[in-house]
Amino acid sequence: MRFGVVQFPGSNCDLDTFHVLRDVAKQDTVLLWHKDHDLQEADCVVLPGGFSYGDYLRSGAIARFSPLMQEVRAFARRGGLVLGICNGFQILLELGLLPGAMIRNKDLKFLCRHVHVRVENDRTPFTRAGRKGQVLTIPIAHFDGNYYAPPRTLAALERDRRVVFRYCGPDGELSDEANVNGSLNAIAGIINEGGNVMGLMPHPERASEALLGSVDGRLVFESLVRSFAPRRTRQPPPASAGKVRHDR
Amino acid sequence: MKARILVSFKDSVLDPQGQTVKNALHTMGYAAVKDVRQGKVFEIELGGVSRKDAAKLVAEISRKVLANPIIEKFDWQFLK
Amino acid sequence: MKARILVSFKDSVLDPQGQTVKNALHTMGYAAVKDVRQGKVFEIELGGVSRKDAAKLVAEISRKVLANPIIEKFDWQFLK
Amino acid sequence: MIDKALLDRHGLTEEEYRLIVGLIGKEPNLTELGIFSVMWSEHCGYKSSRVHLKKLPTEGPRVVQGPGENAGVLDIGDGRVVVFKIESHNHPSYIEPYQGAATGVGGILRDIFTMGARPIAVLDSLRFGPLDKPANRAVMEGVVSGIAGYGNSIGVPTVGGEIHFHPCYEQNPLVNVFCLGLADKDKVFYARAEGPGNPVLYIGAKTGRDGIHGATMASAEFGEETEHKRPNVQVGDPFKEKLLLEACLEVMDRGLIVGIQDMGAAGLTCSSTEMAAKAGLGIEIDLDLVPQREAGMTPYEIMLSESQERMLLVTTEDKVEEVQAVFARWDLDAPVIGRVVEGGRITARSKGEVVVDIPVDAVVNLCPAYRRPSRPPSPLPGRTALPALLLPDDYDREFLDLLASPTVADKEWVFRQYDHMVLVNTVLLPGADAAVQRIKGSRKALAMTVDGNPLYTNLDPRTGARIAVAEACRNLACVGARPIGVTNCLNFGNPEKPEVMWQFEEVIEGLAEACRAFGIPVTGGNVSFYNDTEGLSIHPTPVLGIVGLVADVRKVVSPGFKGPGDIVVLAGENKEGLGGTEFLRVAHGLESGAPPQIDLELEKKVQEYCLAAIEAGLVRSAHDLSEGGLAVALAECSFHGRGRVGCSVSLEDAVRPDTLLFGEAQSRILLTCRKKDLQALERLAKERGVPVKAIGRTGGPVIAVEHRGRKLVRVTVDEAFRRWKNAIPERFEFRSEEGT
Ligand SMILES: Nc1ncnc2c1ncn2[C@@H]1O[C@H](COP(=O)(O)OP(=O)(O)O)[C@@H](O)[C@H]1O
Ligand SMILES: [Mg+2]
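Residue numbers (the numbering used here), protein chains in the order written: chain A, 3 to 250; chain B, 7 to 86; chain C, 7 to 86; chain D, 935 to 1674.
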């Protein structure tokens, strides 16, 4: 399976995500440049975290206009797998591939910490390696993660089981305190109607190596690999594959 | 030509920044302040287009780029 | 009464947000856009004070709380 | 016409002016005067400090580049080097906390990637006035969000730091930012304009009237009249810096450049003259080609502007297009604005006219160095004997109050605003004694810490400085790292005051001695003088940034108790003395007496012991004793432990109970080990002649300490945790706009 990690000028989790996909998940992974029109035959496109264009206007507001995103939109419409992490999620919202919008965290401060999220739907290509109700420990790091959607949209999301992750306490219980950024219905991640586009605020790539404290984030990447397995697969490439600008 | 565009949250969306400013003002004793809403303002300098086209342009830019219709409303005018 | 306060960087101060929006608009083909400045707008609802006192209040709040006089300028008006 | 008033405004004395005229063989025009005024300012010219800084050891087997470049460079093996440095942005952070701190981060990051290294970690050392004053809270809130706003956006994790609160920083906060980067040894770049004829390129943000004379301002006391002296405050643009960072690393990676220098203090002036001087050549610039943000800028303004996010780069004629293509890819212009020339002069043209023509050597290398008069204050603060102190009647209360003292309390309110995990290298989260970043594809890891206790240095600058080095190294030892190099930021008052100069000399002596003792070179640093407001100087505040190397990242140890049933072992000795301690300040409102003394030989033994024990896999947790002493260290180990493990400790020492609990005797480390490993741990200690004692056990819901069978402290972990955790956040529950 080939993953394509999109690089916007202000992406800063691009190489983190690249590292985890290639060196930890051992998948064929390429970097996709925002000015190109070429998805390099990626089977799954990942929009990584960061500040795509400084996030000065609104998080993700400008990134959505980049040439590559027009390809990503078409790819998604064709049913291609698209994963948006943090800023990537915000971009998917701006792009309209996912419903709703992000506003400032409830305490108006950037928030970087491990949080607990509950798997709400394990029947997606992004979570099938997990169990419904399973509690994951994954870091967040964002300023605008306070999910908002109009009542109708929200109701539809809930009705169709399209809320994939919710902020919760260590034992999966919901509370205002656990809902760290004030998101409606404690929403941490959602999926589109087609079930092929997911956005989440937590950073699974930061929870994929035991050395860094948690491996719960692997669930997302393993799910993707698993859901793709039946279809065409590629050999993992030599370690040199993929263009890494400079290792961090 | 110069256009000023005001972008602010729809009334249905709560505005954490505005609320915080309001609370701050209250703790500072400004009791007369009943409510505060915070938004963004853009001033765009335009050139080489007719006023009519400029108007179209500004409206389009506001809708497509400056405001997010899901949470925000906008309103604009020419300054000169 | 309702007052609207516009806060923006002084002209001499760099406005990265405005610049980034401008560049984005250019790459999107809006060549007519010559410059963009981005600022904040506050709408304050006031009650239980005379218009005269309200005016004093708003000016004071703008100076002391809403704007940072070192890098920002402000400008306000009553809406109703 | 250049007169006294004009010289004053440029911070130059009359004999300095005569010297200038002699050196350049003519009366400087205004622009040239401006150039000398910034380059010969304290900030750039190190007038008052240079003669003393020479005393610091700078040699070592790992040293690739010592002081003198943008940052120090150390060899860490495997063809890799670390590039690191600490910088202050104190005055700007007082004028505009958010932007001041943000541009401080931007500046130090440029220092690192200018040398070809990718920044992988930032640490911040902060000093504020007490948090009960709204104005101080506003400064802290602004500074912290400024650091966050810049660092988070550009994607370099802020992984650690330290904060102290004291009235002396009320109108003069300190914002010192440390940054470390990683590079390939054969891809380190220097600020040299080699090769006559080579084009000089300008990269990054347009030039505006920003922070003109920021450098001279950083070299003048604050006071009423600073109001109108205020330069145009610089606003940081982290997104632009991110573009610069990636583009610069790309042109370097592809070997497209000859030399490069960031435009920091003194902007175009400093970068061009330094690059020329280092190469023994000259540079000619056409100011009309310099991208400008504002209309009608004068040569003076263009040369002295301190607009952020700009670089000056030298390449060869044949590579210009390729270089420009790379920058274009990152949406950056890279116009050629000049050339490298023979003859060692900097010449600038504007509208065809020569507006600057002076020898770079005079500007860069011939700034006078002063040995300013110094005199110890009398009486020496550290010599005033402590009054007889009554023993506390309620140790629990004293303990809890100490935990709630902002200097001791939890700093999560700060570091959760920082992205401390981006780049996926962060092995220890903030909260440990030192930050640890893994090196991808290697078993090694890098440990970093910043430290400096202003109470000690105020009472006894020399001892305080020695302790600062020792404690920083101790922090490294606690995570299992060996120190390899030092950078330092020396924050002092007005050097024209003999007492301040004395403090400075003493601190240097202390640093030099301690660094020699630990065999660690000082590879760079920064001096910030004139931290005075209305004539009052801050405490002498040296801040040490020390880098350590971890041989095997899998062996890294953290401070938290790892579970119940472990043995608590104290390495080092408890001693009498409460002088200069946080307890003395909090409980008795005193800042007098002699600070803790330190025996560097014992200190080294204790640290080597800790490292050996970790190496042998005997250590479950390790934490150094610092502010708040043994009691606070025990509490921190409980708090950081999984599930907040308590502990019960009993002590026999013939030492005052309050001192035993809260004293800050140096060279002590708190270890825990499994019961079965205690003997091995003790044997190792005996071999190395280090005093160790098993003083208790982990486990239970309380932190309990008894002395000779008598209960001193017994509080639940939860209550202690609450006091420690909430101390800072609850002070911010009122918004900081209040009253500012
Ligand atoms: N300004 C800061 N920025 C980031 N982390 C900080 C800051 N201040 C303190 N911390 C973190 O909080 C922890 C405790 O800080 P401190 O009490 O200064 O440690 P110590 O007592 O060992 O010097 C440290 O791990 C440090 O990294
Ligand atoms: Mg310490």
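Virtual Cβ for every residue (Gly too), placed ideally from N, Cα, C.
Same chain, Cβ closer than 6 Å to residue i, neighbours up to 5 away in sequence not counted
| i | result |
| --- | --- |
| A:Asp-18 | Glu-207 |
| D:Ile-1081 | Ala-1035, Val-1039 and Asp-1058 |
| A:Val-22 | Glu-207 and Ser-210 |
| D:Asp-1394 | Gly-1316 and Pro-1529 |
| D:Gly-1201 | Ser-1239 and Glu-1240 |
| D:Glu-1158 | Caution applies to D:Glu-1158, whose pLDDT of 44 falls short of 50 and renders its modelled position unreliable; the value that the coordinates give is listed next. Within the same chain, D:Glu-1158 has no close Cβ partners at all. |
| D:Phe-1573 | Phe-1655 |
Chain C within 7 Å of residue i, Cβ atoms only
| i | result |
| --- | --- |
| D:Glu-1161 | With a pLDDT of 41 at D:Glu-1161, under the threshold of 50, the modelled position of that residue is not reliable, and the figure given next carries that caveat. Not one chain C Cβ lies under 7 Å of D:Glu-1161. |
| B:Gly-35 | no |
| B:Arg-69 | no |
| B:Asp-41 | yes |
| B:Leu-85 | no |
| B:Val-55 | yes |
Residue i at chain A interface by Cβ criterion, 7 Å
| i | result |
| --- | --- |
| D:Phe-1047 | no |
| C:Ala-30 | yes |
| C:Val-27 | yes |
| D:Leu-1057 | no |
| B:Asp-81 | no |
| D:Arg-1188 | no |
CB contact below 7 Å: residue i versus chain B
| i | result |
| --- | --- |
| C:Ala-38 | yes |
| C:Val-47 | yes |
| C:Ile-11 | no |
Spatial neighbours of residue i in its chain, beta-carbon cut-off 7 Å, leaving aside the 5 residues before and after
| i | result |
| --- | --- |
| D:Gln-1541 | Cys-1407, Arg-1408 and Ala-1411 |
| D:Leu-1534 | Arg-1400, Ala-1404, Ala-1448 and Ala-1451 |
| D:Arg-1126 | Gly-1193, Met-1209, Lys-1212 and Ala-1213 |
| D:Ser-1376 | Asp-1012 |
| A:Arg-115 | Pro-141 and Ile-142 |
Per-residue burial, residue i [other beta carbons within 10 Å of its own, 16 or more giving buried]
| i | result |
| --- | --- |
| D:Lys-1176 | buried |
| D:Arg-1309 | exposed |
| A:Val-37 | The residue asked about is misnamed: residue 37 of chain A is Lys in this sequence, not Val. Exposed, because fewer than 16 other Cβ atoms sit within 10 Å of the Cβ of A:Lys-37. |
| A:Ala-231 | exposed |
| D:Gln-1613 | exposed |
| D:Glu-1287 | exposed |
| C:Asp-21 | buried |
| A:Leu-33 | buried |
| B:Val-71 | buried |
| D:Thr-904 | Here chain D covers residues 935 to 1674 and nothing more, so residue 904 of chain D does not appear. |
| D:Asp-1045 | buried |
| D:Arg-1602 | buried |
| C:Gly-53 | exposed |
| A:Arg-60 | buried |
| D:Asp-955 | According to the sequence provided, residue 955 of chain D is Val. The question's Asp does not apply to it. When all chains shown are included, D:Val-955 counts as exposed. |
7 Å Cβ cutoff, residue i in contact with chain D
| i | result |
| --- | --- |
| C:Ile-77 | yes |
| C:Leu-20 | yes |
| A:Lys-111 | yes |
Residues bridged to residue i (per DSSP)
| i | result |
| --- | --- |
| A:Arg-115 | A:Ile-142 |
| D:Pro-1417 | D:Gly-1482 |
| D:Val-1270 | D:Leu-1135 |
| B:Asp-81 | B:Leu-12 |
Residues of its chain near residue i, where Cβ-Cβ distance is below 8 Å and the 5 sequence neighbours each way are ignored
| i | result |
| --- | --- |
| B:Gln-83 | Ala-9 and Arg-10 |
| A:Pro-11 | His-36, Ser-54 and Tyr-55 |
| A:Arg-130 | Asp-124, Ser-225, Arg-228 and Ser-229 |
| D:Asp-1330 | Val-1647, Arg-1648 and Val-1649 |
| D:Lys-1489 | Gly-1414, Ile-1548, Glu-1549 and Gly-1551 |
Cβ contact (3+ pairs, closer than 8 Å) linking the segment 1117-1133 of chain D and the segment 1076-1090 of chain D: no
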